[in-house]
Structure formats: structure tokens, C-alpha cells
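**Q** Structure incoming, see below.
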Amino acid sequence: SNQVSKSITPSYSQEAVEMMEYHLWKTLDEMIRLLSMASSTPVPLPSQLLGLLPKRQDWPHGFILEEYANSLNLAGGTIGTFHQSEFVRVDSVTNRDEGKTNS
49 SNQVSKSITP
59 SYSQEAVEMM
69 EYHLWKTLDE
79 MIRLLSMASS
89 TPVPLPSQLL
99 GLLPKRQDWP
109 HGFILEEYAN
119 SLNLAGGTIG
129 TFHQSEFVRV
139 DSVTNRDEGK
149 TNS
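Going by my numbering, the sequence shown opens with residue 49, and the numbers climb by one from there.
Quick look at the structure:
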């Protein structure tokens with residue numbers, strides 16, 4: 049008999065996903081550092097990407113992406129090319145939404 053193979057989506061715990069995300073950001077940070085050293089100039093990063101960077105206390109020393117995101121935030125940076133919007137990190141939006149109560 050013919051068996052139809054089904055696509056199986058693996059399930060991961062929230063902790064496993066957060067660990068993968070942490071390693072992804074660390075790897076991206078390392079790539080940006082290497083590109084900056086090779087070109088001797090800072091590598092431009094889309095502010096939309098930096099807005100997705102989670103706020104964590106355990107980033108490695110010298111983690112440049114956190115520095116970029118913080119400087120954009122402190123400078124009142126904007127995102128977008130046609131419609132300019134305020135730079136806001138996703139964690140800030142999530143925390144603000146969680147603080148609301150429905151009455």
C-alpha cells in the first residue's frame with residue numbers, strides 16, 4: 049500500500065526557542081563585528097531588525113547590537129524610508145501591552 053508522508057512540525061519548548069534566538073543574535077553580532085573589521089567602517093543595520101532584538105541582561109560583554117539598539121532608542125531614532133515611525137523595540141511594546149488592564 050502507498051503511504052503518504054506527512055510533514056511533521058517539531059515542537060520546541062519556549063526555553064529552547066529562546067536559547068536558539070539568543071544564539072542567533074550572538075551569531076549575527078559576531079558577523080557584524082567581522083564585517084566592520086574587514087571594511088574598517090561600521091556596518092549599517094536596518095532599524096526594523098534592531099527593533100526585534102530582545103532586551104536581556106545576559107548579552108556578552110561588547111555585544112554591539114545592544115549598543116546600536118540603545119543608541120537608536122536614546123536618540124529618538126525613526127524607522128522606515130517613506131513613512132517615518134518612532135523606533136520602538138518589540139519588548140517595549142509587549143511590556144506596555146501587558147501592563148494594560150481591560151475595564
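The beta carbon of each residue, even a glycine, is placed where N, CA and C say it ideally should be.
Residues in the same chain with beta-carbon distance under 7 Å from residue 139, minus the five sequence neighbours each way, listed in chain order, please.
**A** Contacts found: 102 and 103.
**Q** Nearest by alpha-carbon distance to residue 96: which of 110, 84, 116 and 68 is it?
**A** Residue 96 has its Cα closest to that of 116, out of 110, 84, 116 and 68.
**Q** Mind checking whether residue 120 and residue 135 have CB atoms under 7 Å apart?
**A** Yes.
**Q** Roughly how many angstroms lie between the CA atoms of residue 81 and residue 58, to the nearest whole one?
**A** Cα to Cα, residue 81 sits roughly 33 Å from residue 58.
**Q** Could you pull out every unbroken alpha helix (DSSP H) segment of at least 4 residues lying fully inside the region 70-112, listed in chain order?
**A** Counting whole runs of 4 or more residues, the region 70-112 contains the alpha helix (DSSP H) stretches 95-98.
**Q** Can you tell me whether residue 106 is buried or exposed? The criterion is at least 16 other CB atoms within 10 Å of its CB, across all chains shown.
**A** Looking at its Cβ environment, which holds fewer than 16 other Cβ atoms inside 10 Å, residue 106 is exposed.
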